[in-house]
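Each remark here refers to the structure printed beneath this line.
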């Protein structure tokens, strides 16, 4: 099998060949847990969720790591403002993040490591870079020597001579203004003793170390995150891993475009964010998944209330058909295994072709139209109908849509029978009352 994705390192679509039973290694840069995430943060997570689901469906073993950054200046500030410990802040917002994964039906990664649990490994990584000559000490801090590697700047397409200096520490401690910090000297917040003095890890080193630890220094298959991470974070992460191991960090670097609100990037600093938790309270979480999947992952989404309402309209169509289909299958006594392996060639090929979720949603619309007509005309006993039902379930499963609908327990079954009996007797007034009860319970 062949998966095609846009690779930022080569600035073109690359092919990743794999077969069933193979292990695919994936890393996604996760949240810094100082606050609630907004829906823009969720775009990368949902796109990688589709990738995760597709590979699992194709019987691939997925080793998927997503980090939790629980060491950061923003966490320190939040803790000081709330008179709490950084651990309390990190624990609380980590749980909030995990709750959002559940809320938006996102499959959990294989591993969700937290930086605070891996500081000894970070220190060893830095020590080894010093020994290899790719880093140096200065005034209790450690910096990476950018000029020593000609590969620096290739991921983001930056010209080394035009690169802006890093902003994680004061320039006077550096030998070159473009060098970036690996170990930060500080007495603020949580700190660790090291060979270079008291401090804490630099952000860019944390992800390189996680990949080192969980993938044993190998070149992984797919690494990703939002476009804003391309430089400096991923650039700095890649160069450390490359110089440390003598091999590329990832075969494919997959970057996801932002969600804008009124043509501005959604960010906490601009105050134009919609928190993921608040969106789910106001709208169906499926609507966010739909509007994200209805745009290509490397295209900006200019969010508006109109776009949200369009997504709600389409997700309601899906839910209404699910109700209608459940009822039809029950009445007609049709047995279908929802998770039966059923490879809809157009769906799988579209997703393998650079995650073309827009095309899959188009297929979904066609299937919805066909199934609604077939049920209305009572044409439900033919093979074409059964195949369409399986395709419908397949698409919902791979795209990660999940709707809360009641199971047909004995009480509901008795209510349905009563409704049918009243209709047969011609007691339409009583039948309508039962129908309203069935509608309230989302059976009809």
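In my numbering, the protein residues as written are 41 to 484. Using N, Cα and C, we set each Cβ at its ideal position, and we do this for glycine too.
Practice task
Please report the Cβ distance between residue 219 and residue 250, rounded to the nearest whole angstrom; I am assuming they are in contact, meaning their Cβ atoms lie under 8 angstroms.
Solution key: Contact doesn't hold; Cβ gap of about 22 angstroms is too wide.
Handout entry: Spatial distance of residue 88 from residue 341 (CA atoms)
Key = Cα-Cα distance, rounded: 17 angstroms.
Problem - Straight-line gap, residue 334 to residue 108 (C-alpha atoms, nearest Å) - result: Distance between the alpha carbons of residue 334 and residue 108: 28 angstroms.
Problem - Strand pairing of residue 178, partner residues [DSSP] - result: Per DSSP, 181.
Practice task
Pull up the CB-CB distance for residue 408 and residue 45, whole angstroms please, since I reckon it's below 8 angstroms.
Solution key: Residue 408 to residue 45, Cβ: 28 angstroms. No contact.
Handout entry: Proximity winner among 400, 119 and 272, relative to residue 197 (alpha-carbon distances)
Key = Comparing C-alpha distances from residue 197 to each of 400, 119 and 272 shows the shortest one belongs to 272.
Handout entry: Residue nearest to residue 59 in terms of C-alpha spacing, selected from 84, 73, 102 and 52
Key = Taking only the C-alpha atoms, the option nearest residue 59 is 102.
Problem - residue 266, DSSP secondary structure in three states - result: Here residue 266 sits in strand by DSSP.
Exercise for the section: Ignore the nearest five residues each way along the sequence and tell me which others in residue 93's own chain have a CB closer than 8 angstroms to its CB. Expected result: Answer for residue 93: 147, 437, 438, 439 and 440, listed in chain order.
Practice task
Assign residue 135 to buried or exposed, taking buried as 16 or more other Cβ atoms, counted over all protein chains shown, within 10 Å of its Cβ.
Solution key: Its Cβ having fewer than 16 others within 10 Å, residue 135 is exposed.
Problem - Beta-carbon gap between residue 295 and residue 305 smaller than 9 angstroms - result: Not in contact: residue 295 and residue 305 (Cβ atoms no closer than 9 angstroms).
Handout entry: Cβ-based burial, residue 199 [other Cβ within 10 Å; buried from 16]
Key = Residue 199 comes out exposed.
Exercise for the section: Can you tell me the Cβ-Cβ gap for residue 77 and residue 316, rounded? I've got them flagged as a contact below 8 angstroms. Expected result: The C-beta separation of residue 77 from residue 316 comes to about 5 angstroms, placing the pair in contact by the 8 angstroms criterion.
Exercise for the section: Would you list the residues sitting across from residue 239 in a DSSP beta bridge? Expected result: Answer by DSSP bridge pairing, in chain order: 225 and 232.
Exercise for the section: Rounded to whole angstroms, what's the CA-CA distance from residue 330 to residue 426? Just pull it up for me. Expected result: Going from the Cα of residue 330 to the Cα of residue 426 covers about 25 angstroms.
Problem - Cβ neighbours of residue 126 in the same chain (closer than 7 angstroms, five flanking residues each side left out) - result: Counting only Cβ-Cβ distances below 7 angstroms, and skipping sequence neighbours, we find 115, 116, 119, 229 and 230.
Handout entry: Residues of its chain near residue 312, where Cβ-Cβ distance is below 8 angstroms and the 5 sequence neighbours each way are ignored
Key = Once the five neighbours on either side are set aside, the close Cβ partners of residue 312 are 301, 302, 304 and 306.
Problem - C-alpha gap between residue 240 and residue 177, whole angstroms - result: Straight-line Cα distance between these residues: approximately 14 angstroms.
Handout entry: Three CB pairs or more closer than 8 angstroms across the stretch 66-82 and the stretch 392-404
Key = In short, these stretches do not touch, since the Cβ pair count stays below three.
Exercise for the section: Report the three-state DSSP secondary structure of residue 100 (helix, strand or coil). Expected result: Residue 100 falls in the coil class under three-state DSSP.
Exercise for the section: Within the stretch 283-325, note down every full alpha helix (DSSP H) run reaching 4 residues or more, in order along the chain. Expected result: Note on the stretch 283-325: whole alpha helix (DSSP H) runs with a minimum of 4 residues are 316-322, in chain order.
Practice task
Return the CA-CA distance between residue 290 and residue 310, expressed in angstroms with no decimal places.
Solution key: Separation of residue 290 and residue 310 (C-alpha to C-alpha, rounded to the nearest whole angstrom) is 33 angstroms.
Exercise for the section: Measure the alpha-carbon distance for residue 392 versus residue 43 and round it to whole angstroms. Expected result: The straight-line gap separating the alpha-carbon atoms of residue 392 and residue 43 is approximately 5 angstroms.
Practice task
Tell whether a beta-carbon distance below 9 angstroms holds between residue 245 and residue 222.
Solution key: Here residue 245 is near residue 222, since their CB atoms are less than 9 angstroms apart.
Exercise for the section: May I ask you to list the residues that DSSP assigns as paired with residue 55? Expected result: Answer is 44.
Practice task
Give the DSSP-derived three-state secondary structure of residue 410 in the structure shown.
Solution key: The DSSP-derived three-state label of residue 410 is helix.
Practice task
Would you grab the beta carbon distance between residue 445 and residue 362 for me? Rounded to a whole angstrom, and I think it's under 8 angstroms.
Solution key: For a cut-off of 8 angstroms, the C-beta gap from residue 445 to residue 362 is around 6 angstroms, short enough to register as a contact.
Practice task
For residue 209, count neighbouring Cβ atoms within 10 angstroms of its own Cβ and tell me buried if that reaches 16, exposed if not.
Solution key: Here residue 209 scores only 43 on pLDDT, less than 50, and its place in the model is too uncertain to base an answer on.
Problem - Exposed unless 16 or more other CB atoms sit within 10 angstroms - verdict on residue 79 - result: Residue 79 is buried by the Cβ-count criterion.
Exercise for the section: Kindly give me the distance between the Cβ atoms of residue 455 and residue 477, rounded to whole angstroms, as I take these residues to be in contact under 8 angstroms. Expected result: Indeed, because the Cβ distance is near 6 angstroms, the residues count as touching under 8 angstroms.
Handout entry: Limits of the beta strand (DSSP E) - the one that residue 342 falls within
Key = In the DSSP assignment, residue 342 falls within the unbroken beta strand (DSSP E) covering 341-343.
Handout entry: Presumed contact (8 angstroms Cβ cut-off) between residue 265 and residue 274, rounded CB distance
Key = Their Cβ separation, rounded to whole angstroms, is 7 angstroms, which keeps residue 265 and residue 274 in contact under 8 angstroms.
Problem - Sub-9 angstroms separation of residue 105 and residue 255 beta-carbons - result: A contact, by the Cβ cut-off of 9 angstroms.
Exercise for the section: From the DSSP output, in three-state form, read off residue 73 for me. Expected result: In the structure shown, residue 73 sits in coil (DSSP, three-state: anything other than H, G, I, E or B).
Practice task
Could you pull out every residue in the same chain whose Cβ sits closer than 7 angstroms to the Cβ of residue 368, ignoring the five residues on either side in sequence?
Solution key: Within the same chain, Cβ atoms closer than 7 angstroms to the Cβ of residue 368 are found at 415 and 420, the five residues on either side in sequence being excluded.
Problem - Boundaries (first-last residue) of the alpha helix (DSSP H) holding residue 474 - result: Residue 474 -> alpha helix (DSSP H) spans 468-480.
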